[in-house]
Every structure is written in C-alpha cells, then in structure tokens.
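In the numbering used here, the protein residues as written are 127 to 496.
Down below is the structure, laid out as structure tokens.
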Ligand SMILES: Cc1ncc(COP(=O)(O)O)c(C=O)c1O
C-alpha cells in the first residue's frame, strides 16, 4: 500500500500521489502577489490544454467544492428570460434542479430512473415544446450509479435546436473521453479532487470564451458564484476573493502529473482498473446495477449479496484498508459503489477483489457461528 493509509474507493476525493500532497506545504504566500498569480495562470492554461479546449476556451477557478462550479455556471449562464432543460437520472441531476429552483430559473426536467441514460430524442422534443428553454444541463457521469449520459448526442441535438449546453463532468473529466469543443457545449464543470487526482477545495468551469463574453450584458444572480466576474478578474491575473492558495499548488502538481501520464493513458488505466474489478467481483457473485453499454469506467454500483448488509461489509473492508461507498438514496438498501479513480493501478484493484473475498468469508463465518 506504499504511502497510503487507505485505498479510497469512494468517487473522490481520490488517492493522490505523495508529490501532490507535499505540494500543499508551500511558503506562506499572499494571494495578490505575482508568485500566486503565476500558479493560477499556469493551472488555468494547463486545464484548457489537457481538456483540448484550444484558444476558444478558458478555465475559471472557484474556491469551493464541485457544486460551486455547477451553481456558478447554471446561475450565470441562463438569462432571466431564458430557461433550463435538465436531464435528471440521479442525485446530481436532481441537484441541478435544486440549483435552478434556488435561483428562480425557469426549468423543465427530463426525469429517468437511475439506470436509464437520457434519450436525445426526448431532449429534442422537450426543446421544441418550450421555446423558452435556452440551455440544457446534463450530468456526463451520474456518480449516483456509474451511468454515462450520451453527452455528444445531446449536444448535437441542442445545437441543431439553437440551444447551448452545460455539462456537469465532475466525476468524468480526464477519466472518460469528452470533446468539450463540440458544437453546443459552452460550459463544462469539474473539480480538482476527482479524475484530476488533486485535493479537494477547488472546482472549475471550462467555458467557451464567447459565452463568457456574453455575460457582460446580463446582471449577476450571485456575488460569490458570478462566473463572469471570476473570469474577468482571473484574465487580468487577479482574483475577486481569497482563493485556496495551497490547494492550487497541489492542483498544479496534479496537472503536471496528468500531463506526464497523458489523458488518453489515464482513461485507459481507469478502464483497465474497472475491468479487473468487475471481472473479480463477478467471480464472487456480485452483479452490476447499470446495464452494459451505459456504464462508465470510473465507478461501479454492485448489488449487495443475499445475507450481506452494507454496513458490516463496509467495516470489514475498512479493517483491510479499503473504503467502499454506500449507494445514494434508496439504492443504499440494495447496492453499494466502488470507484476506481485516483492513483490506483491494476494491482490495487486485484487487492480490492481479494479484500472483498476475505471480507465475505469473514462475514459468512460470523453468520454461521451465530
Ligand atoms: C456528477 C457530480 N456533480 C457534482 C458533484 C458535487 O461535488 P461536491 O460534492 O464536490 O460539491 C459531484 C460529487 O461527487 C458529482 O459526482
């Protein structure tokens, strides 16, 4: 287990390298000095480069968890006379609805159950039915279950209908392929502590500059989460508020490591991790909740086995150094989640499977002895 105390199988914060954690220890630094702005600019440029956004995109950083970036994008993008079509097939789709409601944004939700990806035809029909819906918001990877939504097809439909798209790619950016420059997509939200393999505290929006420039004409709905003012100040090597200085240093190290590994290679490593996990878990009798074809390579929701409740399984795994993650909402009663993001390797995933086998043997032995 090298320098790790726990193998984190929750979908972020994920395991990081020692160098990322060490980068947190920087000399005390004023956030309005050029030394800080150099780090900020470096991070913003690396994000755009790694996401292959090109000159048309900018990264805007927020000090706050992932929801800060999502709320900033939604509350800033949709104009007062516009509206938001929300794809909802899990907790994070529902969060988009709550954000829209909190900001008084006209919204319509396309609701699916937690294992059904959105259908682009439904998006088209909903946009045709309500001309006021100027934007579409969709979660790329529903971390509730490990479900992937067809973002590329949805963006294509939205663009054809003259609408713009916001993609919550919190738990998928740099872990699943995503063309952020695709026509239709204006905003992609993610955070430092998931597939980027940094530490929590900073989230960001990768945004089309054209869309950001358009904000100048619209009044802000929020003071702290005003995407337009953060963009304008960050472009001038400044910041409207006090950022998480140390977290940004760790993020720069995480970005350097991603550059070194390569985005394609990281995506391939996660896919291999998922394959090793799923094969091993199938041999232990676990079934996957999400149908084949709609699964990400980042997180798997497994159905609980008869006679094995989640809490004892969690505790048995934790005693072995592995942190598994409960299902969200009702799913908690019959399934649990295992993520394979972070610095984990194929060998780590084999270790995960062995730990599950040992935990099951322990729990069944305890059951038999009763
Ligand atoms: C898809 C998705 N969106 C948004 C969030 C919210 O992020 P945070 O908890 O960092 O605010 C998460 C967190 O797991 C997520 O998976």
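Just so you know, even glycine gets a beta-carbon here, dropped at the ideal spot from N, CA and C.
- Query: Okay, do the segment 292-308 and the segment 450-460 touch, 3+ Cβ pairs below 8 Å being the bar?
  - Reply: No contact exists between the segment 292-308 and the segment 450-460.
- Task: Look up residue 329 in the DSSP assignment and give the residues it is bridged to.
- Result: Partner(s): 188 and 317.
- Task: Report the residue from 140, 133 and 130 whose alpha carbon sits nearest the alpha carbon of residue 468.
- Result: It is 140.
- Message: Closer than 7 Å to a non-hydrogen atom of ligand 1 - does that hold for the CB of residue 375?
- Response: Outside the cutoff, so no.
- Message: Since residue 313 and residue 337 should fall inside the 8 Å C-beta cutoff, what is the C-beta to C-beta distance between them, to a whole number of angstroms?
- Response: With a Cβ gap of about 7 Å, residue 313 and residue 337 count as contacting.
- Item | Rounded C-alpha distance that separates residue 326 from residue 146 | Taking the Cα positions, residue 326 is about 12 Å away from residue 146.
- Contact under 8 Å by Cβ, residue 404 with residue 414: Going by C-beta atoms, residue 404 is nearer than 8 Å to residue 414.
- 8 Å contact criterion, which residue 429 and residue 380 should meet: CB distance rounded: Not a contact, Cβ separation roughly 33 Å.
- Along the chain, which unbroken stretches of the beta strand (DSSP E) at least 3 residues long are found entirely within the segment 193-255? You should have 210-214 and 233-237.
- Exposure of residue 190, with buried meaning 16 or more beta-carbon neighbours within 10 Å: Under this definition residue 190 is a buried residue.
- Message: With DSSP as the reference, identify every bridge partner of residue 515, one or two as the case may be.
- Response: No answer is possible for residue 515: it lies beyond the span of the chain, which begins at 127 and ends at 496.
- Does ligand 1 have a heavy atom nearer than 7 Å to the CB of residue 467? Checking every heavy atom of ligand 1 against the Cβ of residue 467, none is found closer than 7 Å.
- Determine, using beta carbons only, whether residue 307 and residue 182 come nearer to each other than 8 Å. Contact annotation: residue 307 and residue 182 have beta-carbon atoms nearer than 8 Å.
- Could you please give me the residues that DSSP links to residue 261 through a beta bridge? Its beta-bridge partners are 210 and 290.
- Under the three-state DSSP convention, the category residue 387 falls into: In the structure shown, residue 387 sits in a helix (DSSP, three-state: H, G or I).
- First and last residue of the uninterrupted alpha helix (DSSP H) at residue 162: 160-176 is the span of the alpha helix (DSSP H), which, as asked, contains residue 162.
- Does the Cβ of residue 523 lie closer than 7 Å to at least one heavy atom of ligand 1? In this structure the chain extends from 127 to 496, so residue 523 is not present and cannot be described.
- CB-CB under 6 Å to residue 399, same chain, minus the five flanking residues each way: which ones, in chain order? Within the same chain, residue 399 has close Cβ partners 466, 470 and 475.
- Top-ranked residue by Cα proximity to residue 431, from 133, 486, 236 and 237: In terms of Cα proximity to residue 431, the closest of 133, 486, 236 and 237 is 486.
- Item | residue 301 CB to nearest heavy atom of ligand 1 below 7 Å | Answer for residue 301: no, Cβ out of range of ligand 1.
- Query: Within this structure, are the beta carbons of residue 210 and residue 259 separated by less than 8 Å?
  - Reply: Yes, they are a contact pair.
- Query: Should residue 369 be labelled buried (16 or more other beta-carbon atoms within 10 Å of its own) or exposed?
  - Reply: Residue 369 comes out buried.
- Message: Here's the rule I'm using: 16 or more other beta-carbon atoms within 10 Å means buried, otherwise exposed. How should residue 409 be labelled?
- Response: By the 10 Å Cβ count, residue 409 comes out exposed.
- Message: What would DSSP say about residue 127, mapped onto helix, strand or coil?
- Response: Bear in mind that the predicted position of residue 127 carries a pLDDT of just 42, short of 50, making it unreliable; the figure below should be weighed with that in mind. Residue 127 falls in the coil class under three-state DSSP.
- Under 8 Å between C-beta atoms of residue 385 and residue 167: Against a cut-off of 8 Å, the Cβ pair of residue 167 and residue 385 comes out as no contact.
- Query: Tell me which same chain residues have a C-beta within less than 7 Å of the C-beta of residue 472, skipping the five on either side of it?
  - Reply: Listed in chain order, the non-local C-beta contacts of residue 472 below 7 Å within the same chain comprise 398, 399 and 402, local neighbours out to five positions each way being set aside.
- Message: Going by the DSSP bridge assignment, what does residue 306 pair with across the sheet?
- Response: In the DSSP output, where bridge partners are listed per residue, residue 306 has none listed.
- Taking all protein chains shown into account, do 16 or more other C-beta atoms lie within 10 angstroms of the C-beta of residue 127, making it buried, or fewer, making it exposed? Residue placement at residue 127 is poorly supported in this model, since its pLDDT is 42, which falls under 50; the coordinates still yield a value, given next. Residue 127 sits exposed, since fewer than 16 C-beta atoms from the chains shown fall within 10 Å of its C-beta.
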